[in-house]
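Contents: one structure, followed by commentary.
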Amino acid sequence: MNTEAIIDLLYKIADDQLIIGHRNSEWTGLGPILEEDIAFSSMAQDKIGQSLVLYRMLNDLGESDPDTIAFMRNADQFHCCQFVELPIGEFDFSIIRQFLFDTSEIIRFEMLSSSAYEPLALASKKFKGEIKYHIMHANIFMKQLGNATEESVKRLQDALETAMPYALGIFETSEYEDAMMDEGIFAGEATLRNKWTERIEEVISNTALKLPDIGNIEPKTGGRYGKHTAHLQPLLDEMAEVLRIDPGADW
Amino acid sequence: MYGGGNLFEPMSKDALKEEDPVKLSEFEARIERGEKIEPADWMPQMYRRQLIRMIEQHAHSEIIGALPEGTWITRAPGFKRKLALMAKVQDEVGHAQLLYSAAETLGKSREAMINDLINGKSKYSNVFNYPAFTWADCCFISWLVDAGAIVNQMANAKGSYGPYCRALARITIEEAFHLKYGHHCVIHLATGTPTQRKMMQEAINRWWKPMLQFFGPPDRISAHTEVLMKWKVKMLSNDGCRQQWLDMYVPKIWELGLTLPDDKLRQNPDTGKWEYTEPDWDEFKKVINGDGPCNKERLAVRRTAEERGRWVREALRKPKSEYVVPLA
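As given, the protein sequences belong to chains A and B, one line each in that order. For the first sequence, this note's numbering assigns the number 1 to the initial residue and increments by one for each residue that follows. For the second sequence, this note's numbering assigns the number 252 to the initial residue and increments by one for each residue that follows.
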């Protein structure tokens, strides 16, 4: 099996999970209602836990240990999409991002559940069971806030427009798309994007929101190849702040 | 987390004059027999007011307490610590949720309680007005402040008000895990590299006095709380909590090779009581009344969160649904 392709695939998913999890955790103590502090923390714990599983898989393929990979790389060595690294902003942006990103994520893990790379297939089956609840959370909020007050609808619409170019960057293709499809590792970003478009259309059609014209939006890409926004490096510096005080120490 | 030192409403001798003496004596007899008082039961107005005040202070302490530790979630060193700290702080917010519900059964809404927190009318545990400068401060809180909270909460879980006791029973189980997590972190720092040991010792030096103050002023200068003790609102005196904590944790701190910044600290071999240099209680009063190192910052964060989240709460409100007081 094409190990290089698998490593590339694992890195981008693991980095996505770690960084979105880190961002979600920033809502702890600041949510609009206590229940949302708790919900975002739960989702963050799931996502960071999932990233750990994937980094362990990478470790089995000869990469460094999870703490080193996750905490000690610089931004240009990260393969997450730019969408996940953007700051949490207001709750409108965070909930729109959660909806758009998590919908892509659950479809990705549904697809990977039948991957020819068995460790990933097994993990994906478990992950999609966890993310099911994240999707329920996102969809309930889309339906509720997307149909409620004038302010909430406007806020969500604005956030949707801001988020969409970055959301489309999730599906930036890798150089291994064909190889992965040939070997049955992953059915590819293009298929994922098509399924994703159908699902978000369906949820948005039950709200007062309008889906931006996706076909005419230039995706914000580069993340999968180590090109990131100015937000990622400070996030990583903060994440490694304590570890770097004494890198050889056991914390 | 909450360590006692509750600020109760001063009670005059006339406080119970308006109450029906027959009902009052039945009520007190029930408590004496160890029965729990439930939301729909008869209770003196003063019992209701003091309980709201106490549970509310406890709930506020949980959400404000999430702030000093919460800032370390994004900096926790390594996966194990990061995942554990996230879960730990999430528990604290969950405790606030349980406690606000318990207080709501007495007739004050969560919104009204949070408003009183933001406008400075109701208090929260003083210890959270001090900053968590380093990772070691965060570990100190998880182990030793949580330990202090457990002392108080275990006692109060045997109190008289059903919904509060049930919330506390659940909370103390979760806090027991926090304690294990915090202890584990402190052990690693205390037995680690010279840099780590230094960090831990400095954190202990910083937190020693606020920690002693966590349990509230000494009994000899506290407001008289005999009635509250009789009603099983307050289960253990401030000094009682403090002594229990000293008894359990001073030896554990020393065992790790750490020192405590008090030359007078010792256990009196005759009485078994711990003796220590009295912390500055005037400073405690000053801090509790708003003039501590982090009061303004803590409330500002809470206020901003409330303001930024207002549109969400308004959008979630269903105009046709009616508010129902929970019977937690």
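Even glycine gets a Cβ: it sits at the ideal position worked out from N, Cα and C.
Item to check | Identified DSSP bridge partners for Ile288(B) | outcome: As a working note, residue 288(B) is residue 37 in the second sequence. Answer by DSSP bridge pairing, in chain order: Tyr412(B).
Item to check | Expected contact under 8 Å - CB spacing of Ala317(B) and Val344(B) to nearest Å | outcome: Working through the second sequence from its first residue, we reach residue 317(B) at position 66. Working through the second sequence from its first residue, we reach residue 344(B) at position 93. Contact holds; Cβ gap of about 5 Å.
Checklist entry - Nearest to Gly491(B) by CA position, among Lys481(B), Asp470(B), Asp533(B) and Arg549(B), is which residue? => result Here residue 491(B) corresponds to residue number 240 of the second sequence, with the count starting at 1. Checking every option, the nearest Cα to that of Gly491(B) belongs to Asp470(B).
Item to check | Helix, strand or coil at Glu526(B) [DSSP, three-state] | outcome: Against the second sequence, residue 526(B) aligns to sequence position 275. Strand.
Checklist entry - With distances taken between CB atoms, is the gap from Lys128(A) to Ser113(A) smaller than 9 Å? => result Position 128 of the first sequence holds residue 128(A). Position 113 of the first sequence holds residue 113(A). A contact, by the Cβ cut-off of 9 Å.
Item to check | Leu160(A), enclosing alpha helix (DSSP H) - first and last residue | outcome: As a first step, residue 160(A) must be located in the first sequence, where it is residue number 160. Its alpha helix (DSSP H) spans residues Glu150 to Leu168.
Item to check | DSSP three-state assignment for Arg23(A), whether helix, strand or coil | outcome: For this step, residue 23(A) is matched to residue 23 along the first sequence. Arg23(A): helix per DSSP, three-state reduction.
Checklist entry - Do you know how far the Cα of Gln301(B) is from the Cα of Glu270(B)? => result Position 19 of the second sequence, counted from the first residue, corresponds to residue 270(B). Position 50 of the second sequence, counted from the first residue, corresponds to residue 301(B). Approximately 15 Å between the Cα atoms of the pair.
Checklist entry - In chain A, which residues lie with their C-beta within 8 Å of the C-beta of Ala566(B)? => result Translated into the one-based positions of the second sequence, residue 566(B) becomes position 315. The contacting residues are Gln144, Leu145, Ala148, Thr149, Glu151 and Ser152.
Checklist entry - Identify the residues that DSSP records as bridge partners of Gln518(B): which are they? => result Walking along the second sequence from the start, residue 518(B) turns up at place 267. Partner(s): Trp525(B).
Next on the checklist: Below 8 Å, how does it come out for the stretch 83–97 of chain A and the stretch 158–168 of chain A: are there three or more Cβ pairs, yes or no?
Outcome noted: yes
Item to check | Residue interval of the alpha helix (DSSP H) (run including Asn194(A)) | outcome: Walking along the first sequence from the start, residue 194(A) turns up at place 194. Its alpha helix (DSSP H) spans residues Glu189 to Ser205.
Checklist entry - At which residues does the alpha helix (DSSP H) containing Trp251(A) begin and terminate? => result Against the first sequence, residue 251(A) aligns to sequence position 251. Trp251(A) -> no alpha helix (DSSP H), and no H or E assigned at all.
Checklist entry - Can you check whether the CB of Ile539(B) is closer than 9 Å to the CB of Asn377(B)? => result Position 126 of the second sequence, counted from the start, is the residue given in the question as residue 377(B). Position 288 of the second sequence, counted from the start, is the residue given in the question as residue 539(B). Yes. Within cutoff.
Item to check | Cα-Cα separation between Ile245(A) and Gly371(B), rounded to whole angstroms | outcome: In the first sequence, the residue the question calls residue 245(A) occupies position 245. In the second sequence, the residue the question calls residue 371(B) occupies position 120. Cα-Cα distance, rounded: 38 Å.
Item to check | Closest by C-alpha distance to Gln50(A), when choosing among Ser124(A), Ile200(A) and Ala208(A) | outcome: Sequence index remark: in the first sequence, residue 50(A) carries index 50 (1-based). Closest option to Gln50(A), Cα to Cα, is Ser124(A).
Next on the checklist: Runs of 4 residues minimum, wholly inside the stretch 81–153 of chain A: which ones carry the alpha helix (DSSP H) assignment?
Outcome noted: 82–85, 91–112 and 118–145
Item to check | Contacts of Ala556(B) in chain A (Cβ-Cβ under 8 Å) | outcome: Translated into positions along the second sequence, residue 556(B) becomes position 305. Ordered by position in chain A, the residues that pass the 8 Å Cβ test against Ala556(B) are Gly29, Leu30, Gly31 and Pro32.
Checklist entry - To the nearest angstrom, how far is it from the Cα of Ser41(A) to the Cα of Arg23(A)? => result Your numbering for residue 41(A) matches position 41 in the first sequence. Your numbering for residue 23(A) matches position 23 in the first sequence. Their Cα atoms are separated by approximately 10 Å.
Next on the checklist: Residues in the same chain with beta-carbon distance under 7 Å from Pro87(A), minus the five sequence neighbours each way, listed in chain order, please.
Outcome noted: For this step, residue 87(A) is matched to residue 87 along the first sequence. The answer, listed in chain order, is His231.
Item to check | chain B contact for Val84(A) (CB, 9 Å cutoff) | outcome: Taking the first residue of the first sequence as 1, we reach residue 84(A) at position 84. Cβ-Cβ to chain B under 9 Å: no for Val84(A).
Checklist entry - Do you know whose CA, among Lys210(A), Asp8(A), Arg155(A) and Trp196(A), lies nearest Glu63(A)'s CA? => result To locate residue 63(A), count along the first sequence from 1; it is residue 63. The option with the nearest alpha carbon to Glu63(A) is Asp8(A).
Item to check | Burial state of Lys220(A), where buried means 16 or more other Cβ atoms lie within 10 Å | outcome: Taking the first residue of the first sequence as position 1, residue 220(A) is located at position 220. Lys220(A) should be labelled buried.
Checklist entry - Going along chain A in order, which residues have a C-beta closer than 7 Å to the C-beta of Ile324(B)? => result Position 73 of the second sequence, counting from 1, holds the residue named residue 324(B). Those are Ser25 and Thr28, listed as they occur along chain A.
Item to check | CB of Lys210(A) within 9 Å of CB of Ile204(A), strictly | outcome: In the first sequence, residue 210(A) corresponds to position 210, counting from 1. In the first sequence, residue 204(A) corresponds to position 204, counting from 1. In contact: Lys210(A) and Ile204(A) (Cβ atoms closer than 9 Å).
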